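Colleague: Following this message is one structure expressed as structure tokens.
There are 2 protein chains.
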Amino acid sequence: MKKTVARHALACTLAGILITGAAGAFERTDASAVPTAQAPGYFRMPLGRLTVTALYDGAVDIDPGLLAGASRQTIRSSLAQAFLPTAAPVQTAVNAFLVDTGDNRILVDTGTAKLFGPRLGFILDNLRAAGYRATDIDTILLTHLHPDHAGGLLAPDGSMAFPNARVFVPKTDADYWLSEAAERHARPDQRALFKMSRDAVAPYRAAGRLTLFEAGQPLPGGVSAITAPGHTPGHTAYLFPSGEGDLLVWGDIIHNAAVQFPHPKVSIEFDSDRQQAVATRHQLLSYAGKRGVWVASAHIPFPGIGRVGVDKPSVYRWVPAEYR
Amino acid sequence: MKKTVARHALACTLAGILITGAAGAFERTDASAVPTAQAPGYFRMPLGRLTVTALYDGAVDIDPGLLAGASRQTIRSSLAQAFLPTAAPVQTAVNAFLVDTGDNRILVDTGTAKLFGPRLGFILDNLRAAGYRATDIDTILLTHLHPDHAGGLLAPDGSMAFPNARVFVPKTDADYWLSEAAERHARPDQRALFKMSRDAVAPYRAAGRLTLFEAGQPLPGGVSAITAPGHTPGHTAYLFPSGEGDLLVWGDIIHNAAVQFPHPKVSIEFDSDRQQAVATRHQLLSYAGKRGVWVASAHIPFPGIGRVGVDKPSVYRWVPAEYR
């Protein structure tokens, strides 16, 4: 059988040359030359006057044992229903979102750069694949200062990866993550995050391109900032009016879609204030579910754009955007 | 504001030239130059010894009034839960699937070519984007002879789009769709399909590359054919063993995921035999749900690869594959 297959493959290739005349027609004679590259990690969605592009940074593996707030059985059951491992790390996407208003190119979050290893750090590659250059970005809005959102501000040499951008950071988050006093009082497992935050914004601050904003301060592109604390002290969601429904880019409201949509009371170890994070999740899920707004979410499977279905009070469902 | 933005955009572009030195750096000075292209319509999934590539042909709009078998209220409610229109056409993907075994490149279904207008017919483009040429395909398995599955067999000039492929068609389907007697007795709305079927296979038949196969006859790549009648008389699913779980490419078992997973008794106007189609859907959903096999589905939102969750007896849920 193996020999028959090999002869057949050869015949195919010879016919291929005769018909196509293409250079490199012999590439496929080697049965091992199976194309394996994934499609580029961007996803485009026009929305009214906006063009939204989800950008894939990569994925981290997160131990589901870090989820708490429901019984282990409830958490395991939700994971199993989504065919996810219940006792091994769960692949968790890291997404950023570019919103092009025509006047502004606004990037919400920036991925990890290479802080978290070779499986992540692909925002710049995917931005280029999507038809943009880093120099096209004029505005960066950070949902918070964690390194998987702010790390991508830096080029490999520590300079600004987005040299034409003004970076907007919620002042409450900056007051915490850029503070050396806060670092000294932080939980040991969180201390390393402070230096990463300071490093990420440093060249923008030096260039006069960093804005720490407070509630009510106007942002570019008609965007509204929505205070969404708990995951971090100043965690913020951004609401983009499109003329045909709003887009809510909500950062880390969800870390595990399979568990936290049906059980919003489940929080994750990384939350600064779990009780506040749960209250904020309930609020934003309720808001998104009632209004049917489009949601862009950092850690929901790529592209992380979708809407929130309401099954019953406090029980939600993720409805991903359809490719078109 | 508008003027400020324009000046800013110019400054960005000038900086872009200085930094990148790229040709065409002025393209972005025009605020209307918003990149709008979607990411290429392929999706790669390694599975054991297989490399599976979903290929997007495009989308058709299907009137949800063509769904029947549950109350209008039930159907409308399921559509609304998925944020789909309840009284207007629903975007319905057309997917084909390439399974590369290392020895064989097996394409299951071929899309529409240009039979259904400019929104479809992109299988060959997406095949190339995925790193394959049409001449690389050695085997084509058709789930059935409808034109959105067989139409892509033809190049625009009517010749073989896949000149090195042997085309396998379930004999029961060929006995019907290639028969002039059957055409004369068919429902008026289905008559046009017969000529499309005959045209699609004609050059392969003329070249001795058409195989009409019967149950039990061996297929390339260790694939098993699973008789799955109802949608058409000879509708067939294909089971690919991977060494790490099976892949079931099941054709038109589902036309509307939002409605038919929770309500498998709902069938669609296009089914040749609705009662049989419902029975087959129950069988394959039960099989896929119990075994947790990967499923590749022609009309589920692209990429159309996922698994079947079982909520309770005869109530199912689609769990899409995650991008990685």
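As given, the protein sequences belong to chains C and W, one line each in that order.
Quick note, the first sequence lines up with residues 52 to 375 if you use my numbering.
Quick note, the second sequence lines up with residues 52 to 375 if you use my numbering.
Glycine included, C-beta positions come from ideal geometry on N, C-alpha and C.
Since the structure is predicted, the reported quantities are computational estimates derived from the model, not experimental observations.
#1: Would you give the residue range spanned by the alpha helix (DSSP H) that Y338(C) belongs to?
#2: Looking only at C-alpha atoms, which of V111(W), K316(W), S293(W), H306(W) sits nearest to Q142(W)?
#3: Under the three-state reduction of DSSP, which class applies to R368(C): helix, strand or coil?
#4: State the CB to CB distance for the pair V220(W) and L261(W), rounded to an integer number of angstroms; the pair is presumed to be in contact (CB under 8 Å).
#5: Report the neighbours of Q241(W) on chain C: residues whose CB is nearer than 8 Å to its CB, in chain order.
#6: Find the residues of chain W that neighbour Y102(C), judging by a C-beta separation of less than 8 Å, and give them in chain order.
#7: Would you say G203(W) faces chain C, with C-beta separation under 8 Å as the test?
#8: How many Å lie between Y93(C) and I277(W) at the Cα?
#9: Answer yes or no: do T283(W) and H350(W) have a C-beta to C-beta separation smaller than 8 Å?
#10: Could you tell me which chain C residues have their CB closer than 8 Å to the CB of Q326(W), listed as they occur along the chain?
#11: Run through chain W and tell me which residues come within less than 7 Å of V370(C), C-beta to C-beta.
#12: Measure from the C-beta of A93(W) to each C-beta in chain C and report whether the shortest distance is under 8 Å.
#13: Would you please state the rounded distance, in angstroms, between the beta carbons of T102(W) and D151(W)? I believe it to be under 8 Å.
#14: Does any residue of chain W have a CB that is nearer than 8 Å to the CB of A260(C)?
#15: Going by beta carbon distance, what residues of the same chain come within less than 7 Å of M247(W), once the five residues before and after it are set aside?
#16: In whole angstroms, what separates the C-alpha of S230(C) from that of G273(C)?
#17: State the CB to CB distance for the pair R100(C) and S293(C), rounded to an integer number of angstroms; the pair is presumed to be in contact (CB under 8 Å).
#18: Measure the CB-CB distance between Q15(C) and R184(W) and report whether it falls below 8 Å.
#19: Less than 8 Å between the beta carbons of I126(C) and P140(C), yes or no?
#20: Which residue or residues does DSSP assign as beta-bridge partners of I191(W)?
#21: Closer than 7 Å by C-beta to K341(W): which residues in its own chain qualify, once you throw out the five before and the five after it? Chain order, please.
#22: Where D322(C) and Y289(C) are concerned, what is the direct C-alpha to C-alpha distance, given to the nearest angstrom?
#23: Using a Cβ-Cβ cut-off of 7 Å (strictly less than) and excluding sequence neighbours within five positions of V361(C), which residues of its own chain qualify?
#24: What three-state label does DSSP hand S128(W) in the structure shown?
#25: Could you name the residues of the same chain whose beta carbon sits closer than 6 Å to that of R156(C), not counting the 5 residues immediately before and after it, in chain order?
#26: Note down the Cα distance separating S337(C) from H200(C), rounded to an integer number of angstroms.
#27: Going along the region 181–198 of chain W in order, which residues come within less than 8 Å of chain C, judged by CB to CB distance?
#28: How far does the alpha helix (DSSP H) with P254(W) in it extend, from its first residue to its last?
#29: Taking beta-carbon pairs under 8 Å, can you tell me which members of the region 107–127 of chain W lie near chain C?
#30: Excluding the five sequence neighbours on either side, which residues of its own chain have a C-beta within less than 8 Å of the C-beta of A377(C), listed in chain order?
#31: If you count every other CB in all the chains shown that lies within 10 Å of the CB of P364(C), and 16 or more means buried, which is it?
#32: Using a beta-carbon distance cut-off of less than 8 Å, what residues from the region 138–160 of chain W approach chain C?
#33: If you draw a straight line from the C-alpha of L98(C) to the C-alpha of E295(C), how long is it?
#34: If you measure beta-carbon to beta-carbon, which residues of the region 344–357 of chain C are closer than 8 Å to chain W?
#35: Counting contacts by CB-CB distance shorter than 8 Å, is P97(C) in contact with chain W?
#36: Determine the chain C residues that contact E373(W) at a beta-carbon separation under 8 Å, and present them in chain order.
Modeller: So, from the data block:
#1: It spans 325–342 - the alpha helix (DSSP H) in which Y338(C) sits, taken as one unbroken run.
#2: The shortest Cα separation from Q142(W) among V111(W), K316(W), S293(W), H306(W) belongs to V111(W).
#3: It is a strand residue.
#4: Right, their Cβ atoms sit about 7 Å apart.
#5: Going along chain C, no residue has its Cβ under 8 Å from Q241(W), so there is no contact; the nearest lies around 28 Å.
#6: For the sequence presented, residue 102(C) should be read as Thr rather than Tyr. Against chain W, a Cβ distance below 8 Å from T102(C) picks out V85, P86, T87.
#7: No, G203(W) does not count as interfacial toward chain C.
#8: Distance between the alpha carbons of Y93(C) and I277(W): 36 Å.
#9: Taking C-beta atoms as the reference points, T283(W) and H350(W) fail to come closer than 8 Å.
#10: For a Cβ distance threshold of 8 Å, nothing in chain C lies close to Q326(W): the least Cβ distance comes to about 30 Å.
#11: Near V370(C) (Cβ distances below 7 Å), the residues of chain W are A133, F134.
#12: Residue identity differs from the one stated: residue 93(W) is Tyr in this sequence, not Ala. Chain C contact via Cβ: present.
#13: Contact between T102(W) and D151(W) holds, with the beta-carbon distance rounding to 4 Å and staying under 8 Å.
#14: Reading off the sequence, residue 260(C) comes out as Arg, not Ala. It does not: the Cβ of R260(C) has no partner Cβ on chain W nearer than 8 Å.
#15: Counting only Cβ-Cβ distances below 7 Å, and skipping sequence neighbours, we find L166, P198, G202.
#16: So the two alpha carbons sit approximately 30 Å from each other.
#17: Approximately 6 Å separates the beta-carbon atoms of R100(C) and S293(C); this is inside 8 Å, confirming the contact.
#18: Here chain C covers residues 52 to 375 and nothing more, so residue 15(C) does not appear.
#19: For I126(C) and P140(C), no; Cβs fall outside 8 Å.
#20: Paired residue(s): L158(W), V218(W).
#21: Answer for K341(W): no residue qualifies.
#22: Distance between the alpha carbons of D322(C) and Y289(C) is about 19 Å.
#23: Cβ neighbours of V361(C) beyond the five flanking positions: G340, Y367.
#24: Here S128(W) sits in helix by DSSP.
#25: Answer for R156(C): D187, I188, D189, listed in chain order.
#26: So the alpha carbons of these two residues sit roughly 24 Å apart.
#27: Residues A181, G182, Y183, R184, T186, D187, D189.
#28: Element bounds for P254(W): 242–257.
#29: Residues of the region 107–127 of chain W whose Cβ lies closer than 8 Å to any Cβ of chain C, in chain order: Y107, A110.
#30: The structure shown has nothing for residue 377(C), since chain C only spans 52 to 375.
#31: P364(C) comes out exposed.
#32: For the region 138–160 of chain W, which is checked against every Cβ of chain C, the residues closer than 8 Å are Q142, A144, D151, G153, D154, N155.
#33: Cα-Cα distance, rounded: 7 Å.
#34: So the list reads P352, F353, P354, given in the order they occur along the chain.
#35: Chain W, which has a Cβ nearer than 8 Å to the Cβ of P97(C), makes this yes.
#36: Going along chain C in sequence order, the residues near E373(W) (Cβ under 8 Å) are Q142, A144, P352, F353.
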